[in-house]
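Undergrad: The structure under discussion is supplied below as structure tokens; questions concerning it will follow.
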Amino acid sequence: MPVPTERKAQLLSGNEACVQGAIAAGVRFFAGYPITPSTEIAEGLAVELPKIGGKFIQMEDEIASMGAVIGASLAGLKSMTATSGPGFSLKQENIGFAALTEIPCVIVNVQRYGPSTGLPTSPAQGDIMQARWGTHGDHPAIALMPASVREAFDLTVQAVNLSEELRTPVILLMDEVVGHMRERVELPATDEITVVNRVKPTEDPEHFLPYKPGPNLVPPMPAFGDGYRFHVTGLVHNETGFPSGKGKDGNILVRRLLAKIEQRQPSIAQAELYQADDADIVIVAAGSVARSARAAVKEARAQGLKLGLVRPITAWPFPAEAINSVATTAKAMIVAEMNLGQMIIEVERAACGRVPVIGLNRIDAELITPQDIIARAQEVTKNVR
Amino acid sequence: MSVKELVERYCRTSKLPHIWCPGCGNGIIMGAVMRALDKADIDQDKTVIVSGIGCSSRAPGYMNFDTLHTTHGRALAYATGVKMANPDLNVVVLTGDGDCSAIGGNHLIHAARRNINLTVVVFNNSIYGMTGGQYSPLTPTHSYATTAPYGSIDRNFDLCKLVQAAGGTYVARGTTYHTRQLVDQIVAGLGHNGFSFIEVITQCPMYFGRKNKFPSAVDMLKWQQEHAVPVKAAAKMTSEQLAGKFLIGELYHEEAPEYTAVYEKEVIAKARGEVK
Amino acid sequence: MKKLELRLSGFGGQGLITAGIILAEAAILDGNNAVQSQSYGPEARGGASKAEVIISNEEIDYPKVGEADLCLAMSQQACDKYAAQTRPNGILVVDSGLVKNIPEFPGRIYAVPITEIATSEVGRGIVANIVALGVINGITNIVTKESLETAVLDRVPPKTKDLNKKALKAGYQAAQKVLQREGE
């Protein structure tokens, strides 16, 4: 299934769209390990990458996959891996390495039910906090949550672009429902897709400082073999790239890693608002649950109950602005998520107590239904009146 | 080439002196690697040195190449990514006994199995030095360590046999005493088109020596001299004579298809419909 | 048409997932929206198989099928389980060769020997799923005949195109028969 050069309606799954998005964004290296429900991404790239001279390798484990992805990115290829909960946990140490050493890479996590082996084929959204805080130490995090097959494509492209622009690992936080469902989709034509490539240094190797940030706080990045002979280490380093062993360098480095994301945050953090302006009750839902919420908004409004939706597209940075924008107009917010309350923590933080924030949580391996949401909204309506 | 010339050409001199303890063998191995790279006439701009975590894994920081100091045990995984992404690069992996045979053991056998063209040099000092002297999978049974206060009861790996069994196609063992041979072994490894593995027996007087009745580094080097048996000499010796000794030299060598080349020739060619 | 939800159920190897995909693709060829999902994992391997398809000329938000408008049951077990998850005014299509006891169902029931038709009329049991598609579409006209045929031919191995065309036709004929019987 090559990326079509013109728009054509087709039936694709989220995982298949992710494969096409990766190819379109210029990913040319994939290392992975089989794990449900993400395996179709590895299978798809095993077929597609060699056709365009790209490299696919099935590694011996999840940790090795993450290591190989970082190594390949340093050798100059846009690199990606895909996994699910247990594998995401195993990759965390090396995701931290990529964050500290500023190696662009994309980690797709098709979330499944956990903890542990859990229910391998069942949906959940239990990794929202792991996507933010999974590795140790302070570190930046970008995580994107597609709600449709088209968005699985678009956000894969965006994840690659952000990782290249900001030299940071980016997480595509899908869920099993979006990853596995097939739906009608029209993918954009090649010339409609923006592709971002990492900036390479312009100075000669003699004067090159591998971790001297550019104006966007991101250091230009040569590839291994370009003649720069630079050092990459997971130890705290200064602009030379060499370990310094000094706390003050750690202070400068880690603050810059966060700042480079923060200063781009207003344009990275995204949310979709649907009928939220005049809503009495705003549902906050992401990924597949947002689809249920959208259906609930339509159905409830037909019954005279004014619901609206805020759908975070980025889990991280969290789109607090979108929550802010409705926190004074809504009478209550319901945060619907397939976990026992992760995103709600961020919603509460953003709402600052201006509006009651109520959770709607399911962990019975079923997608939250529109009826669940309407029922909770009716209950809340009674209480807030 | 004199030591001075060697250091000036292949070391990042501003990063010296190194952090290794007095008497440590790591500098000897790093020197041998640099001499071998020089002898093999490699392109310094097209060579990547990858390491994991531990005393040995600090070596790349001192070496004037593209260098990658990764996470504990994962050097071979990262190196596999580097080599796959750009097979034109020479990729050398410097690792320690704990790094490559314990936490990184899985990556070792699988990199060997694939026969990917990496040159791996293991600094085997039989101990975890960086963390202060805990026993590793290569610590000889009954040796003492901070975590084996009553003597280690673990049986130790023969790492060369392990790598050979896993599919490695060039396997050699050297020591920090037999440095000339060591350089030649690494040169052979660099020239070999496949997974090359050189285990180097080295001394850690600080943590292994002190706990195991080696008063100094010299005593440990003497032990190497007395216990190392060249492969050719061993062929004429009885098992009684070989008891307690270890073999040095080229232990295994075969030519087999190299992973990245096969990927190009088979996978890419088939995917593009150039061959069936 | 506004929105139709279908559940195709039976056991593994009957090609129900493929049938679901084909139906969704036919709907897309008609210019409609479609969502297809299926059972995975132990449930999918343990013998039971299920594909769900939603077809609509509007956006499809919630992607799962709750109460189906149409349920195809190609095993007794599937029929026992899913007949009750079909709308009371919906349609239940059963493979009469495989479902001997049809549970109580208030809607329309069509019993067609789908697998038997595939085996004896078409000549290959493996195309039972395509026969089933002919039956379902013959009864409901969810998708145009042209789109369904195109979608079938796009998905099946080139060498089996004629066989599958034959299967589809046999399905339509069987649908005609049961509809006629209903009209009498």
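For the protein sequence lines, the chains are V, E and S, in the order given. All residue numbers for the first sequence refer to numbering that gives the first Met the number 0, where the first residue is 0 and numbers rise by one. All residue numbers for the second sequence refer to numbering that gives the first Met the number 0, where the first residue is 0 and numbers rise by one. All residue numbers for the third sequence refer to numbering that gives the first Met the number 0, where the first residue is 0 and numbers rise by one. Cβ atoms here follow ideal geometry from the backbone N, Cα and C, with glycine treated the same way. Owing to the predicted nature of the structure, the values given are computational and were not obtained by experimental measurement.
What residues from the stretch 37 to 68 of chain V come within 7 Å of chain E, judged by C-beta to C-beta, listed N to C?
TA: Answer in chain order: P49, K50, G52, K54, I56, M58, E59, D60, I62, A63, G66, A67 and V68.
Undergrad: Against T116 of chain V, what residues of chain S qualify as contacts under a CB-to-CB distance less than 9 Å, listed in chain order?
TA: Those within 9 Å of T116 of chain V in chain S number zero; the least Cβ separation is about 12 Å.
Undergrad: By Cβ distance, which residues of its chain are closer than 6 Å to T69 of chain E, with the 5 residues on each side in sequence left out?
TA: Excluding positions up to five away in sequence, the list reads G51 and Y77.
Undergrad: Consult DSSP for I125 of chain S and reduce its assignment to one of helix, strand or coil.
TA: Correct three-state label for I125 of chain S: helix.
Undergrad: For chain E, find out if any of its Cβ atoms is closer than 8 Å to the Cβ of V2 of chain V; answer yes or no.
TA: Note that V2 of chain V has pLDDT 49, beneath the 50 cutoff, so the model's placement of it is unreliable and no number is given.
Undergrad: Any beta carbon of chain V sitting closer than 8 Å to that of D40 of chain E?
TA: Cβ-Cβ to chain V under 8 Å: no for D40 of chain E.
Undergrad: When every heavy atom of the ligand COA is checked, does at least one fall within less than 7 Å of the C-beta of A18 of chain S?
TA: The ligand COA is not among the ligands present in this structure, which contains no ligands whatsoever.
Undergrad: How long is the line joining the alpha carbons of N85 of chain E and G133 of chain S, rounded to whole angstroms?
TA: About 52 Å.
Undergrad: To test your reading of the DSSP string, which unbroken beta strand (DSSP E) runs of 3 or more residues are found completely within the stretch 42 to 97 of chain V?
TA: 54 to 57 and 77 to 82, all fully within the stretch 42 to 97 of chain V.
Undergrad: Quick one: list the residues of chain S neighbouring R183 of chain V, beta-carbon separation under 7 Å, in chain order.
TA: Residues of chain S passing the Cβ test: I27, N32 and A33.
Undergrad: Residues of the stretch 230 to 248 of chain V with a CB closer than 8 Å to any CB of chain E: list them in chain order, please.
TA: The stretch 230 to 248 of chain V vs chain E, Cβ under 8 Å: H230, V231, T232, G233, L234, F241 and P242.
Undergrad: Which chain V residues are close to I20 of chain S, counting only those with a beta carbon under 9 Å from its beta carbon?
TA: Residues of chain V passing the Cβ test: L10 and R181.
Undergrad: Just reading off the alpha helix (DSSP H) that K198 of chain V is part of, what are its end residues?
TA: A small correction: the amino acid at residue 198 of chain V is Val; Lys does not occupy that position in the sequence shown. Element bounds for V198 of chain V: n/a, residue is neither H nor E.
Undergrad: So, under 8 Å CB-CB, L44 of chain V and L67 of chain E are touching, yes? Tell me the CB distance rounded to an integer number of Å.
TA: So it is not a contact: roughly 24 Å between Cβ atoms.
Undergrad: Please state whether the Cβ-Cβ distance between R73 of chain E and I62 of chain V is less than 8 Å.
TA: Against a cut-off of 8 Å, the Cβ pair of I62 of chain V and R73 of chain E comes out as a contact.
Undergrad: May I ask you to report which of helix, strand or coil DSSP gives K2 of chain S?
TA: Correct three-state label for K2 of chain S: strand.
Undergrad: To test your reading of the DSSP string, which unbroken beta strand (DSSP E) runs of 3 or more residues are found completely within the stretch 254 to 312 of chain V?
TA: Listed in chain order, the complete beta strand (DSSP E) runs (minimum 3 residues) inside the stretch 254 to 312 of chain V are 270 to 273, 280 to 283 and 306 to 311.
Undergrad: Y171 of chain S versus chain V: which residues are under 9 Å apart at the beta carbon?
TA: Per Cβ cutoff of 9 Å: no residues; Y171 of chain S is ~23 Å from chain V at best.
Undergrad: Does any CB atom of chain V fall closer than 8 Å to the CB of V6 of chain E?
TA: It does not: the Cβ of V6 of chain E has no partner Cβ on chain V nearer than 8 Å.
Undergrad: To the nearest angstrom, how far is it from the Cα of R180 of chain S to the Cα of A329 of chain V?
TA: One C-alpha to the other measures close to 57 Å.
Undergrad: Shortest alpha-carbon distance to D157 of chain E belongs to which of E:L220, E:L246 and E:P148?
TA: Ranking the options by Cα distance to D157 of chain E, first place goes to E:L246.
Undergrad: Taking Cβ-Cβ distances shorter than 9 Å, what residues in chain S pair up with L171 of chain V?
TA: Result: empty, since nearest Cβ-Cβ is about 19 Å, beyond 9 Å.
Undergrad: Cβ of E59 of chain V within 8 Å of Cβ of H106 of chain E?
TA: Yes. Within cutoff.
Undergrad: If we count the other Cβ atoms within 10 Å of its Cβ and call it buried at 16 or more, is C351 of chain V buried or exposed?
TA: Burial call: exposed.
Undergrad: In whole angstroms, what separates the C-alpha of L10 of chain V from that of A166 of chain S?
TA: The alpha-carbon atoms of L10 of chain V and A166 of chain S are separated by roughly 23 Å.
Undergrad: Under the rule that 16 or more other beta-carbon atoms within 10 Å means buried, what is A255 of chain E, buried or exposed?
TA: Counting Cβ neighbours within 10 Å, A255 of chain E comes out exposed, since fewer than 16 surround it.
Undergrad: Quick one, which of E:G173, E:Y258 and E:G95 has its alpha-carbon nearest P276 of chain E's?
TA: Look at the range of chain E in this structure, 0 to 275, and you will see that residue 276 of chain E is not part of it.
Undergrad: Taking just the CA atoms, how far does H138 of chain V sit from L339 of chain V?
TA: The straight-line gap from Cα to Cα measures roughly 25 Å.
Undergrad: Given a cut-off of 8 Å on the beta-carbon distance, is the pair I185 of chain E and A35 of chain E in contact?
TA: Yes, Cβ-Cβ distance for I185 of chain E and A35 of chain E is below 8 Å.
Undergrad: Kindly indicate which three-state DSSP category M220 of chain V falls into: helix, strand or coil?
TA: It is coil, neither helix nor strand.
Undergrad: Identify the contact partners of S291 of chain V in chain S, using a Cβ-Cβ distance below 9 Å as the criterion.
TA: The contacting residues are D60, Y61, P62 and K63.
Undergrad: Tell me A147 of chain E's beta-bridge partners as DSSP assigns them.
TA: In the DSSP output, where bridge partners are listed per residue, A147 of chain E has E:A144.
Undergrad: DSSP three-state call for V199 of chain E: helix, strand or coil?
TA: Correct three-state label for V199 of chain E: strand.
Undergrad: Which parts of the stretch 141 to 217 of chain V are runs of the beta strand (DSSP E), unbroken and 3 residues or longer, counting only runs that do not cross its ends?
TA: Within the stretch 141 to 217 of chain V, the complete beta strand (DSSP E) runs of at least 3 residues are 168 to 174 and 181 to 185.
Undergrad: My parser needs the alpha helix (DSSP H) runs of 4 or more residues fully inside the stretch 93 to 166 of chain S; what are they?
TA: For the stretch 93 to 166 of chain S, whole alpha helix (DSSP H) runs of length 4 or above, ordered along the chain, are 127 to 139 and 144 to 154.
Undergrad: What first and last residue would you give for the beta strand (DSSP E) that runs through R27 of chain V?
TA: Where R27 of chain V is concerned, the enclosing beta strand (DSSP E) stretches over V26 to G31.
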